Amino acid sequence: MARVNRAEFWAELDATDEGFVRRKCAIGGYSPPEKQQLAVEWLAQRDAAQLSQRLAADTKAMGRAAFWAPVMGCATLVAALAAVAALFK
Numbered sequence: 004m005a006r007v008n009r010a011e012f013w014a015e016l017d018a019t020d021e022g023f024v025r026r027k028c029a030i031g032g033y034s035p036p037e038k039q040q041l042a043v044e045w046l047a048q049r050d051a052a053q054l055s056q057r058l059a060a061d062t063k064a065m066g067r068a069a070f071w072a073p074v075m076g077c078a079t080l081v082a083a084l085a086a087v088a089a090l091f092k
């Protein structure tokens with residue numbers, strides 16, 4: 004039996020639908036155990052990359068929120084002062 008080439012198999016997995024690979028791994032559908040292990044590693048790498056992208060997006064969103072919080076606080080203060088000034092006019 005020929006040894007499984009990691010790079011070639013990962014390229015094959017990259018060209019395949021991720022959902023199909025997940026289903027096939029769940030039922031143990033890759034015949035040599037080496038291929039099954041490589042598919043599991045490939046899925047773990049994909050999961051880690053997706054988590055990293057989500058964390059980056061969340062961090063970016065939190066940065067935007069941290070910027071706008073003081074701006075909205077100042078706008079609220081100005082609106083309150085305008086309301087008080089309108090009462091005494």
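Following the working numbering, the numbering of the sequence shown begins with 4 at its first residue and continues without gaps. A virtual CB, placed ideally from N, CA and C, is assigned to each residue, including glycine. It should be emphasised that the depicted structure is a prediction, and the values quoted were computed from it without experimental measurement.
Going by DSSP in three states, residue i sits in which element: helix, strand or coil?
{"i": "V43", "result": "helix"}
{"i": "M4", "result": "Because the pLDDT of M4 is 41, which lies under 50, any placement of that residue in the model is unreliable, and the number read from its coordinates should be weighed accordingly. Note: M4 maps to coil in three-state DSSP."}
{"i": "P73", "result": "helix"}
{"i": "F12", "result": "helix"}
{"i": "T62", "result": "helix"}
{"i": "S55", "result": "helix"}
Can you tell me whether residue i is buried or exposed? The criterion is at least 16 other CB atoms within 10 Å of its CB, across all chains shown.
{"i": "L41", "result": "buried"}
{"i": "V24", "result": "buried"}
If residue i sits next to residue j, beta carbons under 8 angstroms apart, how far is it from one beta carbon to the other, in whole angstroms?
{"i": "V74", "j": "E37", "result": "So it is not a contact: roughly 56 angstroms between Cβ atoms."}
Problem - Segment contact flag, the region 42-62 with the region 77-84, C-beta cutoff 8 angstroms, min 3 pairs - result: The region 42-62 vs the region 77-84: no contact.
Exercise for the section: Check whether the region 37-45 touches the region 7-20, counting contact only when three or more Cβ pairs, one atom from each stretch, lie closer than 8 angstroms. Expected result: Segments in contact, yes.
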